[in-house]
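In what follows, a structure is listed as structure tokens, so that the remarks can point back to it.
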Amino acid sequence: MHLYGTAEINKSGHLEIGGKDTIELVEKYGTPLYVYDVALIRKRARAFKQTFEKLGIKAQVAYASKAFSTIAMLQLIKEEGLSLDVVSGGELFTALKADFPVEKIHFHGNNKSEDELVMALEHRVGCIVVDNFHELHMLHHLCQERQQVVNILIRVTPGIEAHTHDYILTGQEDSKFGFDLQNGQAETALQLAVESKFLNVLGLHCHIGSQIFETTGFILAAKKILEKMAEWQTSLGFTPKVLNLGGGFGIRYTDEDTPLDPAHYVEEMIQEVRKATTRLSLPMPEIWIEPGRSLVADAGTTLYSIGSSKEVPNIRKYVAVDGGMTDNLRPALYDAKYEAILANRANEEPKDLVSIAGKCCESGDMLIWDLSLPDVGTNDILAVFCTGAYGYSMANNYNRIPRPPVVFVENGHDQLVVQRETYEDLLRLDLPFTEKTQHTS
Ligand SMILES: *Cc1c(COP(=O)(O)O)cnc(C)c1O
1 MHLYGTAEIN KSGHLEIGGK DTIELVEKYG TPLYVYDVAL IRKRARAFKQ TFEKLGIKAQ
61 VAYASKAFST IAMLQLIKEE GLSLDVVSGG ELFTALKADF PVEKIHFHGN NKSEDELVMA
121 LEHRVGCIVV DNFHELHMLH HLCQERQQVV NILIRVTPGI EAHTHDYILT GQEDSKFGFD
181 LQNGQAETAL QLAVESKFLN VLGLHCHIGS QIFETTGFIL AAKKILEKMA EWQTSLGFTP
241 KVLNLGGGFG IRYTDEDTPL DPAHYVEEMI QEVRKATTRL SLPMPEIWIE PGRSLVADAG
301 TTLYSIGSSK EVPNIRKYVA VDGGMTDNLR PALYDAKYEA ILANRANEEP KDLVSIAGKC
361 CESGDMLIWD LSLPDVGTND ILAVFCTGAY GYSMANNYNR IPRPPVVFVE NGHDQLVVQR
421 ETYEDLLRLD LPFTEKTQHT S
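Sequential numbering of the sequence shown, starting at 1, is according to UniProt numbering.
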């Protein structure tokens with residue numbers, strides 16, 4: 001059994017996180033329940049920041065808030081002094097409500113609407129990461145109308161494949177994101193941006209994928225971009241100040257995953273950037289990174305109650321929980337793997353091989369295949385680890401299942417930061433059918 005952060009098994013044989021007995025949390029808040037280990041989030045945030053500080057590199061560590069965006073989470077990120085990535089008006093709105101310093105907000109997205117760009121300009125976000133020509137022109141014109149100058153990064157696709165699942169690969173040439181580095185689009189975009197009086201180009205951005213376990217991809221991407229920067233220094237007379245190498249740092253979900261220490265990714269990136277800038281006679285840029293998953297994934301645990309079981313003789317035993325693809329879409333979407341234990345009997349030896357099913361009307365709603373547990377039954381509490389990233393943020397109301405609440409735990413304290421959705425909440429936007437919509441002849 002692999003335990004993360006402050007998790008331990010207490011004297012009652014219960015899983016404890018942040019000094020709180022998870023069974024007591026279940027009694028207080030019900031299931032399903034997301035529990036976040038705040039100390040572990042702080043530790044991860046500090047590890048990234050301190051590595052840059054130690055190496056004396058000007059940097060920004062921006063939390064990619066799409067991984068888990070709520071007001072309390074963004075307040076925690078603010079407290080830890082990180083910057084913030086948002087990718088939609090809704091994420092920006094959450095950041096504003098969390099009173100996040102606007103100058104540290106970076107606005108991403110491959111199809112920002114005019115309304116979203118205006119919202120970003122009105123609130124004077126720190127920078128907009130421009131993804132395509134449509135956006136570049138729109139942003140220029142909006143700024144011209146408003147007579148406002150905005151900081152931007154140009155997002156490029158460096159043509160590097162990160163070794164990870166296809167669906168979450170964004171750095172290769174055939175991608176919906178960014179300006180291509182090889183075919184000249186990136187240079188054209190940079191030239192247009194540099195010529196605009198209203199766009200202040202801070203630098204370049206790339207994001208090569210997600211759940212990456214090696215430094216090679218980041219290093220190759222940095223090298224390619226810096227080589228182009230050196231060319232553009234001559235051809236455009238412009239040298240970017242910022243190199244943003246994105247996020248995607250891998251984490252351990254199961255034994256198959258072998259992530260590196262955050263510090264290791266950062267150290268190797270910086271070493272490469274130092275080497276390349278010296279060789280190419282470029283000034284050392286500020287390095288920005290954007291970890292999402294690696295800041296929050298292993299800090300999150302989902303607690304479920306076990307309900308029904310179904311034994312298919314000689315094939316398998318299905319054990320169903322009171323949630324599923326509504327609170328954790330990743331297994332259905334990416335075939336993602338998770339580990340889990342019985343939170344109420346954490347010391348007992350495993351003897352059942354079971355598969356954990358969700359409660360949705362979809363055969364694909366399976367959370368874990370072939371999990372070893374003690375002989376599990378109704379009312380046992382299942383704790384699924386590492387659900388902190390892309391769990392709550394991808395939660396949905398399929399089958400009209402209300403979304404679970406979120407509790408933060410730290411130093412023996414628990415705090416509700418997202419309430420459980422009610423049936424009334426589910427109907428909040430529904431309007432009744434009226435006779436007027438019927439066709440009368
Ligand atoms: C998703 C995303 C991230 C964060 O990715 P993680 O795998 O969660 O670290 C960072 N930057 C950009 C542009 C992204 O799209």
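Yeah, the Cβ is synthetic: ideal placement off N, Cα and C, and Gly gets one too.
Check the Cα spacing between residue 110 and each of 362, 367, 132, 347: the tightest is with 132.
A distance below 8 Å separates the beta carbons of residue 205 and residue 246. Our two residues, residue 263 and residue 306, have alpha carbons roughly 39 Å apart in a direct line. Between the alpha carbons of residue 222 and residue 266 lies a distance of about 12 Å. With the rule of 3 Cβ pairs closer than 8 Å, the segment 122-138 counts as touching the segment 83-101. No heavy atom of ligand 1 is found nearer than 7 Å to the CB of residue 144. Comparing C-alpha distances from residue 40 to each of 27, 226, 29, 77 shows the shortest one belongs to 77. Cβ neighbours of residue 400 within its own chain (closer than 6 Å, five residues either side excluded): 426.
Within the segment 90-125, the complete alpha helix (DSSP H) runs of at least 4 residues fall at 114-122. The beta carbon of residue 175 sits closer than 6 Å to those of 157, all from its chain and outside the five residues before and after it, given in chain order. For residue 179, the closest C-alpha among the options 115, 220, 154 is that of 154. Taking a C-beta distance under 8 Å as the contact criterion, residue 65 and residue 74 qualify as a contact pair. For residue 138, DSSP assigns no beta-bridge partner whatsoever. Distance from the CA atom of residue 371 to the CA atom of residue 350, rounded to whole angstroms, is 9 Å. Taking each of 195, 281, 250, 218 in turn and checking the Cα distance to residue 229, the smallest one comes out for 281. In this structure, residue 211 has its beta carbon less than 7 Å from a heavy atom of ligand 1. A distance criterion of 7 Å places the beta-carbon of residue 140 beyond contact range of ligand 1, judged by its closest non-hydrogen atom.
Bounds of the beta strand (DSSP E) holding residue 372 are 366-373. In the DSSP annotation of this structure, the continuous segment of the alpha helix (DSSP H) that includes residue 424 starts and ends at 423-426.
Where residue 355 is concerned, there is no enclosing alpha helix (DSSP H), although the beta strand (DSSP E) around it starts and stops at 352-357. Between residue 203 and residue 240, the C-beta gap is smaller than 8 Å, which places the two residues in contact. For ligand 1, a non-hydrogen atom lies closer than 7 Å to the CB of residue 66.
Between the segment 288-297 and the segment 356-371 there are fewer than three inter-stretch CB-CB distances shorter than 8 Å, so the stretches are not counted as touching.
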